[in-house]
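K.L.:
In my numbering, the protein residues as written are 29 to 257.
#1: Pull up the distance between the alpha-carbon of residue 36 and that of residue 144, whole angstroms please.
#2: Please classify residue 193: does DSSP put it in a helix, a strand, or coil?
#3: Roughly how many angstroms lie between the CA atoms of residue 88 and residue 74, to the nearest whole one?
#4: Shortest alpha-carbon distance to residue 58 belongs to which of 127, 129 and 92?
#5: Closer than 8 Å is the cut-off here; do at least three beta carbon pairs connect the segment 159-168 with the segment 201-208?
#6: Please report the residue range of the beta strand (DSSP E) in which residue 207 lies.
#7: How would you label residue 63, buried or exposed, when you count the other beta carbons within 10 angstroms and need 16 or more for buried?
#8: In three-state DSSP terms, what is residue 218?
#9: Would you please state the rounded distance, in angstroms, between the beta carbons of residue 135 and residue 103? I believe it to be under 8 Å.
#10: May I ask you to verify whether the segment 187-197 touches the segment 237-253, counting CB pairs closer than 8 Å and requiring at least 3?
#11: On the three-state DSSP scale, how would you describe residue 168?
#12: Per DSSP, which residues does residue 141 bridge with? Please list them.
#13: Run through the DSSP bridge pairs and tell me what residue 223 is partnered with.
#14: For residue 139 and residue 217, I'd like the C-alpha separation in whole angstroms.
#15: What alpha helix (DSSP H) runs, 4 residues minimum, are completely inside the segment 68-116?
#16: Could you tell me the distance, in whole angstroms, from the CA atom of residue 237 to the CA atom of residue 227?
#17: Please report the residue range of the beta strand (DSSP E) in which residue 238 lies.
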């Protein structure tokens with residue numbers, strides 16, 4: 029009988045101890061998400077801006093957690109945003125800036141919440157600032173459409189595609205530079221289409237660029253793009 033009582037006491041003690049040491053239930057942590065990408069409204073893509081100072085405008089982003097949102101605005105002289113002219117953080121949906129006259133510029137922005145989560149950048153928009161006494165504006169630098177940078181193209185032909193525009197509405201022509209070394213050499217000139225089919229060799233890196241001409245002496249030299257074959 030004594031042995032039975034001793035065994036029962038031990039079982040009860042250790043059973044209580046096990047219950048006391050049980051880990052507490054931890055609620056899963058709620059992950060913070062980035063705000064939405066802000067939608068730009070002004071200046072629009074391809075615009076000649078006659079006002080300077082210039083007011084940049086966009087629509088409000090939203091945040092799933094209801095955090096306060098700020099905006100990071102960047103203006104650059106190149107489409108790759110390697111040469112930043114202005115980078116500012118603001119809490120409103122507009123910003124007035126004084127800019128150099130008579131030049132092509134690019135702008136983009138993203139939203140940021142109080143937890144430092146940021147959205148992707150908005151698409152790049154190009155614009156010109158009006159210059160004093162400027163009679164002709166050079167075309168906008170060309171933008172890549174296809175092949176996407178650093179992708180691989182199968183087959184023996186590649187279709188090169190790009191876009192450009194001109195604030196003076198001049199007719200544009202294009203010189204194509206293409207080759208398996210960089211910088212690529214002139215391949216064809218004075219074409220009027222914004223696409224071009226070209227023969228490619230297998231297992232190569234292909235480099236190409238476009239020069240846009242407006243027929244009035246204005247030229248815009250594009251970046252060197254590349255793809256694999």
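In this text, a Cβ means the ideal position worked out from N, Cα and C, and glycines have one as well.
P.N.:
Considering the structure as presented:
#1: Its pLDDT being 47, under 50, residue 36 is placed unreliably by the model, and the measurement read from it follows with that caveat. Approximately 58 Å, taken between the alpha carbons.
#2: In the structure shown, residue 193 sits in coil (DSSP, three-state: anything other than H, G, I, E or B).
#3: CA-CA distance, residue 88 to residue 74, rounds to 23 Å.
#4: Checked all of 127, 129 and 92; the closest Cα to residue 58 is 92.
#5: Contact annotation: the segment 159-168 does not touch the segment 201-208, with fewer than three C-beta pairs closer than 8 Å.
#6: For residue 207, the enclosing beta strand (DSSP E) covers residues 201-207.
#7: That one is buried.
#8: In this structure, DSSP gives residue 218 an extended state, which the three-state scheme calls strand.
#9: Contact between residue 135 and residue 103 holds: their C-beta atoms lie close to 5 Å from each other, under 8 Å.
#10: Flag = yes, the segment 187-197 and the segment 237-253 touch.
#11: Residue 168 falls in the coil class under three-state DSSP.
#12: DSSP output for residue 141 lists 97 as bridge partner(s).
#13: The beta-bridge partner set that DSSP reports for residue 223 consists of 189.
#14: In a straight line, the C-alpha of residue 139 is about 42 Å away from that of residue 217.
#15: Runs found: none.
#16: For the pair residue 237 and residue 227, the Cα-to-Cα distance works out to about 16 Å.
#17: For residue 238, the enclosing beta strand (DSSP E) begins and ends at 233-241.
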